[in-house]
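Okay, so here's the structure we're looking at.
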Amino acid sequence: MLSYPPDDLSNLIGDGVHNFVDGVIIAAAFLTSFHVGLITTLAIALHEIPQEIGDFAVLIHGGLKARKALWLNFLSSLTAVAGAIIGYLFLNTIEGITPYILAIAAGGFIYIATADLLPELHKECEKKKIYLQTAALLFGVLVIYFFLHIFSHGH
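Taking the working numbering, the leading residue of the sequence shown gets -11, the next gets one more, and so forth.
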């Protein structure tokens, strides 16, 4: 039987569930429109990169070898594909549910930004870091603005 430290196992399970939900959100976005699907996929991918690096670091810190940690992290990321397939099949059968799924997802991202990220900005005292964080935040807003205008379809 496979044996992993409890922190590694809970990290993998939590990441798998998180990725599954991301897949469902991506499916809901593509059911809305191709453009919304692309923007949502990009946003989730950009969100996942630092998160997966963090998960990898937790697995390494827990004692796993880099190769094994990378493999297990990859396997847990495949739950996003399962979530997308199951989400597409499920959401396609229930009339009118997709906007609610997207609203919940948007609320989750807004919550993370306001409850987790913004308070961290207020903790910083060094001016250079404050400017860098503010620039990164503004860059994120500009990226969203840019993609909304590139992919807008005249509504």
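Glycine included, C-beta positions come from ideal geometry on N, C-alpha and C.
The beta carbon of Ile14 lies closer than 7 Å to those of Gly25, Thr28, Thr29, Ile32, Ala72 in the same chain, with the five residues before and after it left out. If you draw a straight line from the Cα of Lys53 to the Cα of Gly84, it is about 46 Å long.
Between Leu66 and Leu0, the C-beta gap is not smaller than 9 Å, which leaves the two residues out of contact. For Ala91, the enclosing alpha helix (DSSP H) has its first and last residue at 86 to 99.
By the 16-neighbour rule on beta-carbons within 10 angstroms, Phe8 is buried.
Membership of Lys111 in the alpha helix (DSSP H) is indicated by the continuous run 106 to 111. The Cβ neighbour count for Thr86, taken over all protein chains shown within 10 Å, is at least 16; the residue is labelled buried. The DSSP-derived three-state label of Lys115 is helix. Runs of the alpha helix (DSSP H) lying entirely within the segment 28 to 68, each at least 4 residues long, are 54 to 65 in chain order. When secondary structure is reduced to three states using DSSP, Asn7 falls in the helix class.
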